[in-house]
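The letter at position 118 of the sequence shown is residue 118 when you use the UniProt record's numbering, and the numbering goes up by one with no holes.
Don't be surprised by glycine CBs; every beta carbon is placed ideally from N, CA and C.
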Amino acid sequence: MIDFSKVRAIDIHTHAEEPCGCHSDDGYDDLQRTMAGYFGAPWEHPPTIPETAAHYREQNIAAVIFPVDAERETGYRRYSNDEVLELVRQNDDILIPFASIDPWKGKMAVREARRLVEEHGIKGFKFHPTMQGFYPNDRMAYPFYEVLAEHGCVALFHTGQTGVGSGMRSGNGMRLKYSNPMYLDDVAVDFPDMNIIAAHPSFPWQEEALAVAQHKPNVYIDLSGWSPKYFPPILVRYANSLLKKKMLFGSDWPMISPEKWLGAFEKADFKDEVRPLILKENAMRLLGVAE
1 MIDFSKVRAI DIHTHAEEPC GCHSDDGYDD LQRTMAGYFG APWEHPPTIP
51 ETAAHYREQN IAAVIFPVDA ERETGYRRYS NDEVLELVRQ NDDILIPFAS
101 IDPWKGKMAV REARRLVEEH GIKGFKFHPT MQGFYPNDRM AYPFYEVLAE
151 HGCVALFHTG QTGVGSGMRS GNGMRLKYSN PMYLDDVAVD FPDMNIIAAH
201 PSFPWQEEAL AVAQHKPNVY IDLSGWSPKY FPPILVRYAN SLLKKKMLFG
251 SDWPMISPEK WLGAFEKADF KDEVRPLILK ENAMRLLGVA E
């Protein structure tokens, strides 16, 4: 188990990719290569979960890790939650598992979510509205959310523009409209006992994300996917004041390494008293592991 008193930070947002990334039949390799170029990541195939664990162990950073199930919308085969969970268990000194289930799977999604929570103790689920092709406040997803709310799980939603499909023909079919963080406002109202993370600086809807997080006690923001040197001033201002207990460190590994993010964070205009909140303390409270 992770000794949270010894790690220097908790990365709330990292991705699990399949062991070799070889998907010649569905275009997944092309997507990953394009994304690596977009982010300037130094690899062609993403690192495996064991490789991710080794990197985070070396950096002394705990990491929440999850796959993304978007089979229906993209045609890309999902990385089984059970396979991810088994590999994370082998590295549970540094990794924390979240799961991902496409909400369009309906009753199948609800059954799988309940099994993962009740039998395996999964504490959170990743949603990517643009990749999964749904508005977060679509009532078809509400039975899924009910399971999360019942068990005190975290719902982590991609928000804002995405590097997925950026520069590819037709954006690889990705529709940005689904990831406006304002749609999370309905979810926060209807599920006040489910903690919600709005992932990433939400370009071009940053003010919407800040408004929802300030207004709804159960909404947090993770700062993944962007180098802190590019954060808009209004995001830094809210992080230093009204939302200092609602902001979370996230890198978006493997597209951005945690040490690169942290290096830029050290130079950004965050108050000294706010930095430990963002890097670890807020995440510990949210995950229920606060000392």
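Could you check what DSSP says for residue i in three-state terms: helix, strand or coil?
i: residue 268; result: coil
i: residue 282; result: helix
i: residue 274; result: coil
i: residue 219; result: strand
i: residue 126; result: strand
i: residue 14; result: strand
i: residue 205; result: coil
i: residue 2; result: coil
i: residue 234; result: helix
i: residue 95; result: strand
i: residue 243; result: coil
i: residue 261; result: helix
i: residue 200; result: coil
Would you kindly work out how many angstroms separate the C-alpha atoms of residue i and residue j, rounded to a whole number?
i: residue 142; j: residue 201; result: 25 Å
i: residue 325; j: residue 134; result: Only positions 1 to 291 of the chain appear in the structure, and residue 325 is not among them; the question remains open.
i: residue 235; j: residue 120; result: 36 Å
i: residue 76; j: residue 65; result: 19 Å
i: residue 285; j: residue 278; result: 11 Å
i: residue 87; j: residue 181; result: 32 Å
i: residue 139; j: residue 49; result: 33 Å
Exposed or buried, which one is residue i when buried takes at least 16 other CB atoms within 10 Å?
i: residue 189; result: exposed
i: residue 215; result: exposed
i: residue 263; result: exposed
i: residue 242; result: exposed
i: residue 230; result: exposed
i: residue 267; result: exposed
Contact check, residue i vs residue j under 8 Å by CB: the rounded distance?
i: residue 85; j: residue 67; result: Actually they are not in contact, since the Cβ atoms of residue 85 and residue 67 sit about 10 Å apart, beyond 8 Å.
i: residue 179; j: residue 151; result: Not quite, the Cβ-Cβ distance comes to about 25 Å (not below 8 Å), so this is no contact.
With respect to the alpha helix (DSSP H) encompassing residue i, which residues constitute its N-terminal and C-terminal limits?
i: residue 52; result: 49-59
i: residue 143; result: 142-151
Since residue i is in the beta strand (DSSP E), which residue starts that stretch and which ends it?
i: residue 70; result: Counting along the chain, residue 70 falls outside any beta strand (DSSP E), and DSSP gives it neither H nor E.
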